[in-house]
Structures are given as C-alpha cells and as structure tokens.
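In my numbering, the protein residues as written are 72 to 514.
Quick notes on the structure that follows.
Written out as structure tokens, the structure reads:
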C-alpha cells in the first residue's frame, strides 16, 4: 500500500512539474526555430537589426567564409584603382603547388600561366578555389603574410567584435603543407563569431553590392576555350537551379573544414527585403552533413519572409506634432515649416506598425535667415515601444534608421527697415511689460 501511495505521489509530482516545466517544449522555448548549429544569426541587411540569434558572440571556426574578407579587400583595391580586373598574374611557387592539390577546392594553375584578376576572383567567389585566393592575397598585399595583417586591420576598422585571421583562404594552416603565413602557427585556424561574420557580410553587401553579380553564378567554366578549362559548380546549393534552390538567394559564401564544420553565410532578397543569415557547424537531425547548412538556412529565411514585411511607417512630408515649425531669426517670416524629406520605411514584424513612434532630432532650435527650401535641419528616427528584444549588430547601426528633416520653403532675410521696426516694437513691448509688472506690484 505504501509503495502504491509513493507511486501515485510521484506521478502527481511529475505531472505538476510537466505543467510548470514542459520538458518536451524546453528546447522549443529556448529556440523556437530549432536551428541545429553551434551558432546562427538572422539580420535585416538594410539596418543590421538582428531578428534571430543563437550563440552569436561565441568565436568559432569559419573555414572558407573567410573569403568574404578577401573579397572585401580586393573590391576595395579595385575601387581605389590599386588593382585592375584585367591585371595579369603569374603563380608563385606556393600558389602553383597549392593549386595542384585536388583534395582541396582548387582550379589547377600552370606554373608559367598568366591569369587575370577577374579569372582568379571568379574562381574564388564561385568555386571557393584556394590557390586562386592566395594569388589574390599576393596581388593585393604583396604576400599572404602581409595580406593577413590587412585582414585583421580591416576587421578592427569595421568594428568586428570577435575574429582572428591567420590565412587568406580559411583552410586549416595544417593543409598549407608548411607554407602557412609567417607569424602564424601551423595549428591555427581562422575564427569569428556569428555576429562578426554577419557584420562582415553587411559591410560587403552595402559597400560592394557588385559582389552578388559573381556570387550568384551557379555554374561557370574556368578558362573556357583553353586546354585548362574546368567546370566550376557553386558550393552555394541554394542558388536557382541547384539542389537546395530557394527563391531570392543570390549569395554569399559557404565554408567547411573538419575544425569548423559546415558553415554558410547566405543572403536573399524578396519584396524589397534583403536578409543575411549565418549558420556555423550546422547539423541535420544531430548529424553533420553538407546539406545541413542549407536546411538550417532555409528555416531562418522561411521565418524571415513569413513574419516580416517592409512597411512605410511615415510618408515623405510628415510633420511631427509640436515640432512642425522652427523659428527664423531676421527673416521676412518668423518661422518656417519643416517635414521629412523621404518616407521612412522599415522591415518590421507583421502587426507591429503601432509600436514605432517618430522622434525628431534637430540640429538647432532656430534658424537665421536667409533659409533655403530643402535645407536639412535634422533627422527623424523611430522609438520602439513594443516588447520585441531584437537588437542591432552594433549600437552604431541604430543610426541607419532615419530620414532627413528639411525646410518646406525658403525664407528671405528681412530688409533693414523691417528689422528696425521689429526692434522698436520689441523695445516698446519690453518697456510695457516692465511697466505692467511694476504697476501690478503696487497692488
């Protein structure tokens, strides 16, 4: 009887605990998307606002996602005209030897061959060709050793919070057969946090959007029409026509090493919205596989496109109550109307429109004539009043959510006679005010 009683009591306790602490849903409560990866992040590409996060500040291996930094530095060098697309390159001994290793992702290069920067860039961006990547590092930095210094300096300049670059490719230094950059250890790996990877992708897309013209190519022939031609299939299998094809995906970079696992930085655009995703050491049903990174990315993008929309919250010409005008000193008119120059649109969670309130931030409390129509006097941003805890990749990214506030018309400077009469009127007004106060004091 006592044993039966204990069983009943135990059952009741277990039932109560299951209500208070629903074990089966604990994982879902912690991660409603059930993203199987060591770290993951979903970001609005326009503002840098984080829409989903999982272990985003844990520093992990990044493998060939490293090549986004190599792309950034190359495109920067192209923009600054330090490097040209048609510039010719002959492989160094190191690059030649590395290119012959077909166990790694590579396009074989001839020792005495000549290759354009564009050839090498396409091999890197489409096929993740490692020797081609080192070639770019030598072109831009003079040597991979110096290029690695440039990578770390650029990461610091961009404000990435967690990173370490030890080579230009993302390969394990051990794979470089003793030719890893000087100053690095043969056992070192490139590492970043998911937040840092997303920030790098954000800057790459914002400053060099042309990267997508190449990253979105599903298949291409390297050196087509020559004896060296080789088929390059993009490792991003979410591109149109490939096995994990997903509408809107046009980048950005995959990665895999035994150290890092399967990784992917993706980006997709639909209905005026672009999102950035990162998954690191992705799995599927608890197992590591090449397709897992795309399956987990699909979950993130499905969530984004189903739950968020681009909304025009406030139109161009919007005037905030109580701040619709600014005083004008020495003008024909004593004030001027101000309003937003552009509409303020934002990617927001469906149904949250009322949780974004406008806030004017003005440069000064009054203007001095003459004032031109369309003169910028400040900006309008938004204050979020809802319960969503989504933050930004960095505090400075909040400044991206704003539109200019401008004057709606011109105000000419008043002539000397008008100014004089105003001065006299002001003088008499001050005298009358003083007299009134004095008389009032008598009584």
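We put the beta carbon where it would ideally sit given N, CA and C, even for glycine.
Quick caveat: nothing in here was measured; it's all calculated off a predicted structure.
| message | DSSP has residue 309 in a bridge; who is on the other side? | response | Bridge partners of residue 309: none, in fact.
| request: Assign residue 377 to buried or exposed, taking buried as 16 or more other Cβ atoms, counted over all protein chains shown, within 10 Å of its Cβ. | output: exposed
| field | Bounding residues of the alpha helix (DSSP H) (the contiguous stretch that carries residue 299) | value | Neither: residue 299 is in no alpha helix (DSSP H) and is coded neither H nor E.
| message | Suppose contacts are defined by Cβ-Cβ distances below 7 Å. Is residue 545 in contact with residue 299 by that definition? | response | Limits of the chain in this structure are 72 at one end and 514 at the other, which puts residue 545 out of reach.
| Hey, out of 426, 482, 443, whose CA is closest to residue 460's CA? | 426
| Closest to residue 469 by CA distance: which of 140, 475, 452 is it? | 452
| task | Assess, as a yes-or-no matter, whether the segment 196-211 is touched by the segment 149-160 under the definition of 3 or more beta carbon pairs within less than 8 Å. | result | yes
| Residue range of the alpha helix (DSSP H) that residue 249 falls in? | Residue 249 -> no alpha helix (DSSP H), and no H or E assigned at all.
| Do residue 118 and residue 407 have their C-beta atoms closer together than 7 Å? | no
| request: Report the three-state DSSP secondary structure of residue 285 (helix, strand or coil). | output: helix
| said: Quick check on this structure: which residue in 323, 134, 277, 455 has the alpha carbon closest to the alpha carbon of residue 176? | reply: 134
| request: Would you identify the three-state DSSP class for residue 186, choosing helix, strand or coil? | output: strand
| query | What is the DSSP secondary structure of residue 112, counted as helix, strand or coil? | reply | strand
| query | Does the segment 106-126 come close enough to the segment 271-281 that 3 or more CB-CB pairs lie under 8 Å? | reply | yes
| query | When you compare each of 148, 435, 390, 257 to residue 479 by their alpha carbons, which one comes out closest? | reply | 390
| message | Whole angstroms are fine: how far does the CA of residue 245 sit from the CA of residue 417? | response | 46 Å
| Which whole-angstrom value describes the C-beta separation of residue 348 and residue 371, a residue pair presumed to lie in contact below a C-beta threshold of 8 Å? | 5 Å
| Beta carbon of residue 240 nearer than 7 Å to that of residue 285 | no
| What's the call for residue 224, buried or exposed, on a 16-neighbour Cβ count within 10 Å? | exposed
| message | Nearest by alpha-carbon distance to residue 164: which of 182, 258, 261 is it? | response | 182
| task | Kindly indicate which residue of 103, 107, 102 has the alpha-carbon position closest to the one of residue 356. | result | 107
| Residue burial classification, residue 190 (beta-carbon count within 10 angstroms, cutoff 16) | buried
| task | Give the straight-line distance between the Cα atoms of residue 131 and residue 422, rounded to the nearest whole angstrom. | result | 36 Å
| message | Between the alpha carbons of residue 457 and residue 392, how many angstroms are there, rounded? | response | 21 Å
| request: Can you have a look at residue 264 and say buried or exposed, based on whether 16 or more other CB atoms are within 10 angstroms of its CB? | output: buried
| said: Whole angstroms are fine: how far does the CA of residue 228 sit from the CA of residue 443? | reply: 37 Å
| Would a C-beta distance cut-off of 7 Å place residue 319 and residue 340 closer than the cut-off? | yes
| task | Per DSSP, which residues does residue 147 bridge with? Please list them. | result | In DSSP, residue 147 forms no bridge with anything.
| Just how far apart, CA to CA, sit residue 409 and residue 383? | 20 Å
| request: State the CB to CB distance for the pair residue 401 and residue 277, rounded to an integer number of angstroms; the pair is presumed to be in contact (CB under 8 Å). | output: In fact, because the Cβ distance is near 42 Å, the residues do not count as touching under 8 Å.
| field | Residues sharing a beta bridge with residue 409, DSSP | value | 478
| said: Give me the residue from 368, 127, 397, 420 with the minimum Cα distance to residue 438. | reply: 397
| query | Do you know offhand how far residue 405's Cα is from residue 481's? | reply | 12 Å
| Is DSSP giving residue 330 helix, strand or coil here? | coil
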